[in-house]
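To convert, take the position in the sequence shown, counting from 1, and add 532; that gives the numbering used here.
Ideal Cβ positions, reconstructed from N, Cα and C, are used throughout, including at glycine.
Here is the structure we will look at.
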Amino acid sequence: MNASVNDFMNDENAAVNDGVNTADKMERITKWLLGVLVAIPFLISFAGLKELATDMGVNWPSLYPLMLDGGVVIFKVLAATAALRGERNNFAWGMAFALTGVSIGLNVAHIGFSETAKVTENFGLAAFMHGLPPLMVFLAFFAVITRIESQAKNERAALTYEGLLGKIESARATLADLGAQVGQWTAALATAKEAHDTAVTNLKEEQGAAVATFKKAKEAIDQRTAELTAAKEVLEQEVATLRGEAADLTAQIAAKRLALTTAKQKPDKATAGDDKIAALLEAMRGNPDASYQDLGTAVGASKGWVSNRVGELKEAGHVHRNGHGWEVLTK
Numbered sequence: 533m534n535a536s537v538n539d540f541m542n543d544e545n546a547a548v549n550d551g552v553n554t555a556d557k558m559e560r561i562t563k564w565l566l567g568v569l570v571a572i573p574f575l576i577s578f579a580g581l582k583e584l585a586t587d588m589g590v591n592w593p594s595l596y597p598l599m600l601d602g603g604v605v606i607f608k609v610l611a612a613t614a615a616l617r618g619e620r621n622n623f624a625w626g627m628a629f630a631l632t633g634v635s636i637g638l639n640v641a642h643i644g645f646s647e648t649a650k651v652t653e654n655f656g657l658a659a660f661m662h663g664l665p666p667l668m669v670f671l672a673f674f675a676v677i678t679r680i681e682s683q684a685k686n687e688r689a690a691l692t693y694e695g696l697l698g699k700i701e702s703a704r705a706t707l708a709d710l711g712a713q714v715g716q717w718t719a720a721l722a723t724a725k726e727a728h729d730t731a732v733t734n735l736k737e738e739q740g741a742a743v744a745t746f747k748k749a750k751e752a753i754d755q756r757t758a759e760l761t762a763a764k765e766v767l768e769q770e771v772a773t774l775r776g777e778a779a780d781l782t783a784q785i786a787a788k789r790l791a792l793t794t795a796k797q798k799p800d801k802a803t804a805g806d807d808k809i810a811a812l813l814e815a816m817r818g819n820p821d822a823s824y825q826d827l828g829t830a831v832g833a834s835k836g837w838v839s840n841r842v843g844e845l846k847e848a849g850h851v852h853r854n855g856h857g858w859e860v861l862t863k
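Encoded structure:
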């Protein structure tokens, strides 16, 4: 498609160049013809106005037609200059019209000073012929200005056409660059999307594995916690049982030790002493808040005896006293 467009543009450029060359030739020929067309009526009008100025006694009569027709030429040149810039100088056009009218009027007025009979008989034709030269000068310059305006338009159109061609080429290059950039961006986007999808897949897999590992670890911890809790309860029960058995053994040992000690010291009164100790222990159980005096009264013994026996029982671990009173540890 780009090759077809380039061929078309080359053909168009060739055709334009051929047309421009032909137009340049025609323009040169037209300029010469217009120059001749302006010079001839200018000279005729110059001669008529010079004769009229001479007849009217104007000083420097040769300068008078230069002033009048030259003014027409000058204002036409100003109008042509404005046309080259794509503008319209209304003042120059107005002065050109006015001076042309004055020149025509003076050339026609020059007929009245002619002594030729035919001029008098054919005044209309004579007026037309005398007024035609300045009119031809005006029309020739009008044609020049019209051509200049047309040429300026064509040049602006050519510049616009060349500018459009340049813009088209620039836009085409920009479009190619944008196409390349879009291709690069598309590839980069596809690569980034693939990397993103891979990362998301890996993350999901890692997350699933981590969740499964966490669940297994939690189940193992829960199971181990349950096992330890059960083992703790069993150990607490065993410890309580062992403590009870140890207390019983301690009490039994203390009782036996006390009995042996009493038997050694007072063999004849061993049985009676055991009964009193048993009665003392029973009194402590029945009245935890009892004093030594109360305990002595309960077992039929003195306060001193009760104090000594209680001390022995404490050392043996059979009794002790806390905030709630006497507590007997021996069954």
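Distance between residue j and residue i (C-alpha atoms, nearest Å)
{"i": "residue 727", "j": "residue 713", "result": "21 Å"}
{"i": "residue 757", "j": "residue 745", "result": "18 Å"}
{"i": "residue 587", "j": "residue 663", "result": "18 Å"}
{"i": "residue 608", "j": "residue 704", "result": "46 Å"}
{"i": "residue 829", "j": "residue 782", "result": "28 Å"}
{"i": "residue 620", "j": "residue 719", "result": "59 Å"}
{"i": "residue 845", "j": "residue 777", "result": "19 Å"}
{"i": "residue 661", "j": "residue 571", "result": "16 Å"}
{"i": "residue 853", "j": "residue 843", "result": "11 Å"}
{"i": "residue 861", "j": "residue 834", "result": "23 Å"}
{"i": "residue 482", "j": "residue 603", "result": "The structure shown does not extend to residue 482, since the chain is modelled only from 533 to 863, so the question has no answer here."}
{"i": "residue 640", "j": "residue 658", "result": "8 Å"}
{"i": "residue 606", "j": "residue 686", "result": "25 Å"}
{"i": "residue 755", "j": "residue 770", "result": "22 Å"}
{"i": "residue 851", "j": "residue 810", "result": "12 Å"}
{"i": "residue 583", "j": "residue 643", "result": "11 Å"}
{"i": "residue 729", "j": "residue 717", "result": "18 Å"}
{"i": "residue 831", "j": "residue 817", "result": "13 Å"}
{"i": "residue 724", "j": "residue 734", "result": "15 Å"}
{"i": "residue 768", "j": "residue 753", "result": "22 Å"}
{"i": "residue 674", "j": "residue 563", "result": "13 Å"}
{"i": "residue 807", "j": "residue 813", "result": "10 Å"}
{"i": "residue 740", "j": "residue 751", "result": "16 Å"}
{"i": "residue 759", "j": "residue 737", "result": "33 Å"}
{"i": "residue 700", "j": "residue 707", "result": "10 Å"}
{"i": "residue 774", "j": "residue 763", "result": "16 Å"}
{"i": "residue 856", "j": "residue 785", "result": "26 Å"}
{"i": "residue 576", "j": "residue 625", "result": "23 Å"}
Host beta strand (DSSP E) of residue i (start-end)
{"i": "residue 592", "result": "Premise fails: residue 592 is in no beta strand (DSSP E) and is neither H nor E."}
{"i": "residue 843", "result": "Per DSSP, residue 843 belongs to no beta strand (DSSP E); it is in the alpha helix (DSSP H), 835 to 848."}
{"i": "residue 856", "result": "Counting along the chain, residue 856 falls outside any beta strand (DSSP E), and DSSP gives it neither H nor E."}
Residue range of the alpha helix (DSSP H) that includes residue i
{"i": "residue 828", "result": "824 to 831"}
Integer Cβ distance of residue i from residue j, believed to fall under 8 Å
{"i": "residue 601", "j": "residue 623", "result": "19 Å between Cβ atoms; not a contact."}
{"i": "residue 672", "j": "residue 566", "result": "6 Å"}
{"i": "residue 847", "j": "residue 820", "result": "Contact doesn't hold; Cβ gap of about 20 Å is too wide."}
{"i": "residue 684", "j": "residue 618", "result": "6 Å"}
{"i": "residue 585", "j": "residue 596", "result": "4 Å"}
In chain order, which alpha helix (DSSP H) runs of at least 4 residues are fully inside the segment 607 to 682? 622 to 641, 649 to 653
Given 8 Å as the limit, is there contact between the segment 633 to 643 and the segment 659 to 667, that is, 3 or more CB pairs closer than that? yes
For the segment 554 to 568 against the segment 611 to 621, do three or more pairs of beta-carbon atoms, one drawn from each stretch, fall closer than 8 Å, so that the two count as touching? no
Assess contact between the segment 617 to 629 and the segment 696 to 704, defined as three or more Cβ pairs (one per stretch) separated by less than 8 Å. Is contact present? no
Please confirm if the segment 821 to 829 is in contact with the segment 837 to 848, defined as three or more CB-CB distances below 8 Å between the two stretches. yes
In the segment 716 to 766, which residue ranges form an unbroken alpha helix (DSSP H) of at least 4 residues, counting only runs that do not cross its ends? none
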